Every structure is written in structure tokens, then in C-alpha cells.
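The structure appears right after this line, and notes come after that.
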Amino acid sequence: MSRSLTGGRPAIEKEINEIRKSTDCTTGKMIFTKLRDKNVALLVNSGGIAAVRVLRSNASKLGGIYLGKIQNVAKNIDACFVEIAPGELCFLPLREAGTAHLTNRQPDGSLKAGDELVVMVTRDAQKTKRASVTTDPSRMKQQLVKNGATPESASEALQSLLNQAIHKVCLTCLLAPSEAIYEALEQLAEPSEYSEVLTDDPEIFHKLSESSHPLLQQKNLRLYDDPDISLRLLYSLERGIDEALDTRVWLKCGGYLVIEPTEAMTVIDVNSGKNESKKMGEETYYQVNAEAAEEVARQLRLRNLSGIIIVDFINMAEKENRQKLLEYLKTLTAQDPQHPRIVDMTPLGLVEITRKKSHPTLAEQWKKI
1421 MSRSLTGGRP AIEKEINEIR KSTDCTTGKM IFTKLRDKNV ALLVNSGGIA AVRVLRSNAS
1481 KLGGIYLGKI QNVAKNIDAC FVEIAPGELC FLPLREAGTA HLTNRQPDGS LKAGDELVVM
1541 VTRDAQKTKR ASVTTDPSRM KQQLVKNGAT PESASEALQS LLNQAIHKVC LTCLLAPSEA
1601 IYEALEQLAE PSEYSEVLTD DPEIFHKLSE SSHPLLQQKN LRLYDDPDIS LRLLYSLERG
1661 IDEALDTRVW LKCGGYLVIE PTEAMTVIDV NSGKNESKKM GEETYYQVNA EAAEEVARQL
1721 RLRNLSGIII VDFINMAEKE NRQKLLEYLK TLTAQDPQHP RIVDMTPLGL VEITRKKSHP
1781 TLAEQWKKI
């Protein structure tokens, strides 16, 4: 539907707000669009952008199944390195020997240099870390289902793939990697977090509308084609990305967070900011910290922070308040699909959090892709 936007910026903003009010975001939307020449997937809910994924390039091998060759075994780290393409070595734990499908010899429960085997890429290479692969047939069957096989036919499809491998030369791709849009659907959010998949890209819309992917079966798929108000303007997507890349995050109470990633960890400092005064007491400190905890939980997921995260909350004298804050933070982070672990809080208010790395941070994605 086309409309004429007149009356200056206030009128435009009023109309955008009216459209937003008429759009239900209580259970969230998965949005596929282009921002600043980058194809992105975003989970958007009533609180704004909750999670972002810059769609990877075709260079990714995630989800691909290959006939690889073990180049060397490193017993000191209980792993071996499998070549899946010329010069491309991947990490495989030796404990997966029991599920390995070898094509050059009979299995004996061990893995040796020179072995040819079927593997699936479970993680792309990141910085200095090599890609990871698995021999687990159950994970391969899950991937086949994502690629269109039914759960009932997955075992048969995998067996067919393994039979083909016997007649293939080493370093052959047996199953192409997942497309980036399906990877985002599977990893960015829990299915219960969104009810609609929305895109302004006709090609993506066509691809999704033709797909039999199980995650799309119960979702409302919609092509956004309003010529006057873009998708990025309607949901303030560019502003949301800018805020997610900024080191400072403002809180409603007047305080703010400073988020500083380093090579070893990420440090988040809580500041009382405009709320600071000599009259601030223990209860005020707790209120600022509680709001900061809510924003910390949101930023962990939005920025995809991982590894060790240290949060420097405002120091509180009462042990009861420190414990209450810690429990509140645990409750907030329990909603994160990556399940962060809240380790402990020191008497000075330092909280250690660990979060599994499954993908580069938003800053890393935005910078290199």
C-alpha cells in the first residue's frame, strides 16, 4: 500500500508509531533485510532488537558433509585434524572414533593419519581457531532434515550418503552447507520467541515460501513491500545496530554501561551517571544495579558476547542485596539460548559470567563481512 508522507518529520514519526502500534510484537518477529550493504537477520520484539546475525558469505562450510582425510593425530590434545578441502584442516576430537564412518579400511575404534572418513562441519573457523567437525550420525541426520528430508527418511538418506562416499574421491563435498537464512532461523532464536517471519527481499521471501523447513510450518511469512516506509525505518533497525556497536549504553534511570571487549575478556562497567548524588543510598544503588542487570542480560545476547565477561556493578554494602542482585541476574540470563553461567559476585560487586561462543560477536561480524 502506498501513502503520501507529508507534514514534516513529526507527522512522519506519528504515522510510523501508528503502524508500530498496529503491529503485534509481543511474541517477536524474525526479520530478514539489508542494512548498509549487509544481509542480516534480526529478532525484534517489544523491547527492540533482541538478537542480530549478519548472514555469512557462501565461503562458510557450516552444516556441510564431506569425505575428509586425517592429516595428523595430536594425542596430547586428544584430537586429530581432518582435511576437507585442499589445505583446509578441521578439528575432530578422538573420542568420536566410535561413530566414524571410514571408507579406506575397516573400523577398529581408533583414528589414524591417512584415514578417510565422513565428517560434518559444526563450526566455522574463527580467528586463530580451526573449524570443527563431527562424525556423529545423529547430528548428520538432523542436518538432512533441515535440508528437506523427513524425520522418518533421515536414516535412509544418511545411509545413501555414506554409500556414495565409498565411491567418491577424498575431499569431496557430499552435502552442501546450510544456506545462511536457514542457519539464522535455527540459531538466532527459540521458535517460541517469534510468530512471524518478515522480509522486504522478494528473493528471500520466495525461497522461504517454497521451503519445507520445519521451523517455518507454524509461522506467518510476510513480504513487506510498503514503498513509503522502509522496514529498517519502521523498526528503527539502523539506530538499533548503532547502539549495539557503541561502547556506552544508557539506562532509563540516568546511569549507563560501558562495554569494553579485550582479547582475554569483556568488561562491563556500571555507572550511576546522572543518578549520582551524595544522597544515593543502598536502595538506590540496588535499583540502578537491577536495571543494569536487565540491560547486561540483553546486551550479552544482542552483541553475542562470549567467553569471560566481568560486570563491575555499583558496590553495595549489604550482603542480602548483593545476593538478591545475583539471583535476579541468573533469572534474566536463563532466557538466553546460549545459557550463560553466572559464576559469583565478589564483595566489591564484580560478577563473573561465562557464555559459550557459537558465533563471532556482532562487532566482529559487522567489521569483517
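Per the numbering used here, the very first residue in the sequence shown carries number 1421; after that it's consecutive.
Heads up, the beta-carbon is just placed ideally off N, CA and C, and yes, glycines get one too.
Computed from a prediction, not measured in an experiment: that's the story for all the values here.
Query	Result
Alpha carbon to alpha carbon, how far is Leu-1745 from Arg-1718?	16 Å
Going by the CB atoms, is the gap between Leu-1770 and Asp-1732 shorter than 8 Å?	yes
Taking all protein chains shown into account, decide if Leu-1664 is buried (16 or more other Cβ within 10 angstroms of its Cβ) or exposed.	The residue asked about is misnamed: residue 1664 is Ala in this sequence, not Leu. Buried, by the Cβ-count rule.
Would Val-1617 and Leu-1636 qualify as a contact pair, given that the criterion is a beta-carbon distance under 8 Å?	yes
Alpha carbon to alpha carbon, what distance is there between Ile-1661 and Met-1540?	33 Å
Classify Gln-1804 as helix, strand or coil using the three-state DSSP reduction.	Since the first residue shown for the chain is 1421 and the last is 1789, residue 1804 is missing from the structure and cannot be characterised.
Using the Cα positions of Asp-1645 and Pro-1527, report the straight-line distance between them to the nearest angstrom.	56 Å
Which whole-angstrom value is the C-beta distance of Leu-1608 and Leu-1463, which I expect to be below 8 Å?	6 Å
My understanding is that Glu-1375 touches Glu-1738, with C-beta atoms under 8 Å, so please give their C-beta distance in whole angstroms.	Nothing can be reported for residue 1375: it is not among the residues displayed for the chain, which extend from 1421 to 1789.
Measuring CA to CA, which of Ala-1471, Ile-1734 and Gly-1488 is closest to Leu-1722?	Ala-1471
From which residue to which residue does the alpha helix (DSSP H) around Met-1560 run?	1557-1566
Mapping DSSP to helix, strand and coil, what is Asp-1662?	helix
Taking C-alpha atoms, which residue in Thr-1453, Asn-1583, Ser-1466 and Leu-1455 lies nearest to Thr-1447?	Ser-1466
What does the alpha-carbon distance come out to for the pair Ser-1558 and Lys-1549?	25 Å
Would you check if the region 1481-1501 and the region 1675-1685 touch, i.e. whether three or more CB-CB distances between them fall below 8 Å?	no
Buried or exposed, going by whether 16 or more other CB atoms sit within 10 Å of the CB of Ala-1520?	buried
Return the chain-ordered list of same chain residues with a C-beta closer than 7 Å to the C-beta of Gln-1579, the five sequence neighbours on each side being excluded.	none
Spell out the partners DSSP gives Ser-1575 in its beta bridges.	Its beta-bridge partners do not exist; DSSP assigns none.
Let me check one thing: in DSSP terms, what residues is Arg-1761 bridge-paired to?	Thr-1774
Is Ile-1451 helix, strand or coil by DSSP?	strand
Buried or exposed for Pro-1780, going by 16 or more other Cβ atoms inside 10 Å?	buried
At the level of alpha carbons, what is the spacing between Tyr-1389 and Asn-1741?	The question about residue 1389 has no answer here: the residues shown for the chain are numbered 1421 through 1789.
Tell me, which residues are paired with Tyr-1486 by DSSP?	Val-1539 and Cys-1593
Can you name, in chain order, every residue of its own chain whose Cβ lies under 6 Å from the Cβ of Ile-1773, other than the five neighbours on each side?	Ile-1729, Pro-1760 and Ile-1762
For Glu-1616, which three-state DSSP category applies?	strand
To the nearest angstrom, report how far apart Trp-1670 and Pro-1634 are at their CA atoms.	39 Å
For chain D, check one thing: does any of its Cβ atoms lie closer than 8 Å to the Cβ of Gln-1563?	Chain labels in this structure do not include chain D; a single protein chain is all it has.
In chain order, which continuous runs of the alpha helix (DSSP H) of length 4 or greater are located wholly inside the region 1701-1732?	1702-1722
Excluding the 5 residues preceding and the 5 following Met-1560 in the sequence, name in chain order all residues of the same chain whose CB lies nearer than 7 Å to its CB.	Ile-1485, Met-1540 and Leu-1578
Looking at the unbroken alpha helix (DSSP H) that takes in Leu-1605, where does it start and where does it end?	1600-1607
Using only CA atoms, which one of Arg-1525, Val-1687, Ala-1596 and Leu-1720 lies nearest to Ile-1586?	Arg-1525
In or out: Ala-1494 buried (at least 16 other Cβ within 10 Å) or exposed?	exposed
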